[in-house]
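Report on the structure given below.
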Amino acid sequence: MALPHSSPLPPHAVLKLGRFSLALDRPLIMGVVNVTPDSFSDGGRFLDPAQALEHANRLIAEGADILDIGGESSRPGAAPVSVEEELRRVMPVLEKLGGLAVPVSVDTSKPEVMRRSIAAGASMINDILALQAPGALEAVAGSDAAVCLMHMLGEPRTMQKDPRYDDVVAEVCAFLGGRAQAAAAAGIARDRIVLDPGFGFGKTPQHNLDLIRALPRLRALGYPVLAGLSRKSLFGKIVGREAAERVHASTAGALLAAQRGAAIVRVHDVAATRDSLLVLRAIDDSTFSFE
Ligand code: 9MG
Numbered sequence: 081m082a083l084p085h086s087s088p089l090p091p092h093a094v095l096k097l098g099r100f101s102l103a104l105d106r107p108l109i110m111g112v113v114n115v116t117p118d119s120f121s122d123g124g125r126f127l128d129p130a131q132a133l134e135h136a137n138r139l140i141a142e143g144a145d146i147l148d149i150g151g152e153s154s155r156p157g158a159a160p161v162s163v164e165e166e167l168r169r170v171m172p173v174l175e176k177l178g179g180l181a182v183p184v185s186v187d188t189s190k191p192e193v194m195r196r197s198i199a200a201g202a203s204m205i206n207d208i209l210a211l212q213a214p215g216a217l218e219a220v221a222g223s224d225a226a227v228c229l230m231h232m233l234g235e236p237r238t239m240q241k242d243p244r245y246d247d248v249v250a251e252v253c254a255f256l257g258g259r260a261q262a263a264a265a266a267g268i269a270r271d272r273i274v275l276d277p278g279f280g281f282g283k284t285p286q287h288n289l290d291l292i293r294a295l296p297r298l299r300a301l302g303y304p305v306l307a308g309l310s311r312k313s314l315f316g317k318i319v320g321r322e323a324a325e326r327v328h329a330s331t332a333g334a335l336l337a338a339q340r341g342a343a344i345v346r347v348h349d350v351a352a353t354r355d356s357l358l359v360l361r362a363i364d365d366s367t368f369s370f371e
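Residue numbers (my numbering): 81 to 371.
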């Protein structure tokens with residue numbers, strides 16, 4: 081399958097993230113550096129800032145274009161944490177990662193954590209609540225950071241209890257289009273906005289498959305689309321493996337999402353994803369040459 085050509089993204093589109101500017105002429109890899117003690121697939125191995133830095137450096141060496149850190153687990157059933165606890169987890173890691181050569185994204189929905197993270201060097205906010213918390217739009221608009229606006233039905237604690245839609249694709253598209261408009265109206269420039277259907281966030285396996293197939297429609301909204309499929313339960317259902325053993329399935333998922341128009345793939349397994357995306361590029365780009 082050729083890469084979709086119907087995208088309204090301009091041919092030389094870039095994503096602006098603080099002092100960084102990333103060309104969108106190939107799928108970008110966002111590597112996950114977890115700093116929560118209950119993160120579902122890493123088991124909280126990266127709570128220690130020095131270990132998080134080591135992990136971050138490894139992900140960069142493997143090909144990560146962006147790093148994503150988060151201090152509040154969003155796994156199904158996860159309980160919320162306080163602003164203070166989230167800052168306690170994120171800030172020491174951010175201080176270590178601030179000088180790296182790739183942009184650092186902070187996964188948070190709290191305006192105070194957004195502001196403090198951006199001040200400490202974060203170049204992107206990854207918000208599973210799509211800046212709906214009071215003050216969140218303003219926190220990002222008052223900066224030059226990029227933002228990922230994600231769709232979620234409900235909240236992490238209960239979202240996987242019988243999620244229902246009349247038309248999952250239409251509803252997710254309508255929500256993300258509306259949030260992009262709200263972000264733009266608040267003063268966030270178009271080239272700082274990324275949209276994300278939120279795989280696994282209030283979705284059954286069937287909803288997730290419908291949304292993967294519909295990625296070209298999401299991309300037609302005119303913004304880069306982020307696909308976060310890595311190690312998710314959808315793959316557990318398909319291949320029957322635990323989270324840590326879903327590397328091959330996740331790599332296939334990232335590849336197929338990129339082929340359907342995802343501009344950024346959020347992954348744990350950067351090296352495998354990088355190799356598969358290079359193969360995709362070599363095959364799909366008719367100007368590719370070994371010279
Ligand atoms: C934090 N987090 C976990 N899964 C995610 C996904 O699919 N997308 C985004 N943007 N963030 C996620």
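Glycine included, every Cβ here is placed at the ideal spot set by N, Cα and C.
This structure is a prediction, so every number in the text was calculated from the model and none was measured.
- The residue among 263, 239, 131 and 171 with its C-alpha nearest the C-alpha of residue 213 is 263.
- In this structure, residue 224 has its CB at a distance of at least 8 Å from all heavy atoms of the ligand 9MG.
- The C-beta distance from residue 281 to residue 239 rounds to 6 Å, short enough to fall under 8 Å.
- The beta carbon of residue 145 sits no closer than 8 Å to any heavy atom of the ligand 9MG.
- In the DSSP annotation of this structure, the continuous segment of the beta strand (DSSP E) that includes residue 227 starts and ends at 226-230.
- The DSSP-derived three-state label of residue 110 is strand.
- Beta-bridge analysis with DSSP links residue 276 to 230.
- For residue 90, the closest alpha carbon among the candidates 301, 320 and 258 is that of 301.
- CA-to-CA, the gap between residue 184 and residue 162 works out to about 22 Å.
- Under the three-state reduction of DSSP, residue 363 is assigned to helix.
- Going by C-alpha positions, residue 353 is about 19 Å away from residue 321.
- Ranked by Cα distance from residue 308, the options 215, 107 and 158 are led by 107.
- Comparing alpha carbon positions, the residue from 365, 233 and 156 closest to residue 287 is 233.
- A residue is called buried once 16 or more other Cβ atoms fall within 10 Å of its Cβ, and residue 166 is buried on that count.
- For residue 205, the CB stays at least 8 Å from every heavy atom of the ligand 9MG.
- Judged by DSSP in its simplified three-state form, residue 298 adopts helix.
- In the same chain as residue 367, and ignoring 5 residues on each side of it, no C-beta atom comes closer than 6 Å to its own.
- As the crow flies, the alpha-carbon of residue 105 is around 27 Å from that of residue 211.
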